[in-house]
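Notes follow the structure.
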Amino acid sequence: MTRLAVILMLALVGPIVRADQVQVAVAANFTVPATKIAEEFHKDTGHSAQLVFGATGKFYAQIKNGAPFEVLLSADQQTPARLAREGDAVEGSLMTYAIGKLVLWSPRPGLVDGQGAILKSAGVSHVAYCNPALAPYGAAAVQTMKSLGVFDALQSRLVQGENIAQAYQFVATGNAEIGFVALSQVYRDGRISEGSAWVVPANLYSPIRQDAVILSKGRDHPAAMAFVGYLGSDKARAIIRSFGYDLSL
């Protein structure tokens, strides 16, 4: 039986006799789903998850410098795999927990059209996105703009956030009229929760496959193994899907 199979089995057993806490680094796009999953995880297992949110690239640097994280929920596949290769994560614990989607969004109804043509409008002064060197959603935004042939023309109007949460805040607070954010940030109950949006076609950017991994500090820690396993449970999968993610497990 593979290590990942054992991890998944741990998530399906009853409440753990000795509850413990696991330290989890979570990609910013997954903030709300992770919070809800952590609540259900605590109810079902007795373990608790202490979540820290941020950019995947920054988490990599922090982990390499000894940060106390035991699990990483990354916004990409490359970072967990790299950590495993470098001996900072448990190789057999890698799993794809979600496939993210990029959206061009504005809190103003009717501003963003269904084809993204607003990107070519001279009436838009600021377009937010996140740092492509640190956040996969930023890289996807750059790929999209290049695919549409508007990246060079938008250079003077681009506003870059450190992570996807900051990019969202730029748009939500009006510091940018529109911005590239994660669908999960604006998607509730099967629809865009407010404003106007264009869900970017998947063929315009590389797939955002988001992987989880147990880090070296979580090796053989029951709470860390249980949390990663819990991501594959029916309850967690339903939460993930409700925020507009696709699943690949």
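All residue numbers for the sequence shown refer to our numbering, where the first residue is 18 and numbers rise by one.
Backbone N, C-alpha and C define an ideal beta-carbon position, used for all residues, glycine too.
Inclusion of residue 144 and residue 181 in the CB contact set at 8 Å is not warranted, their separation being larger than that value. Every unbroken stretch of the beta strand (DSSP E) spanning 3 or more residues and falling wholly within the stretch 89–134 is given here in chain order: 112–117 and 119–123. By the neighbour-count criterion, in which 16 or more other beta carbons inside 10 Å mark a residue as buried, residue 103 falls on the exposed side.
Around the Cβ of residue 40, a 10 Å sphere holds 16 or more other Cβ atoms; the residue is buried.
In the DSSP assignment, residue 61 forms no beta bridge with any residue. When rounded, the separation of the alpha-carbon atoms in residue 152 and residue 227 is 11 Å. Taking each of 118, 90 and 122 in turn and checking the Cα distance to residue 112, the smallest one comes out for 90. In the three-state DSSP reduction, residue 76 falls in the helix class (H, G or I). For the pair residue 51 and residue 92, the CB atoms are not nearer than the 8 Å cut-off. With a 10 Å radius around the Cβ and a threshold of 16 neighbouring Cβ atoms, residue 56 comes out exposed. For residue 142, the CB contacts under 7 Å within the same chain, skipping 5 residues up- and downstream, are 174 and 194 in chain order. If the five residues before and after residue 233 are omitted, its C-beta is found closer than 8 Å to the C-beta atoms of 104, 105, 106 and 107, all from its own chain and listed in chain order.
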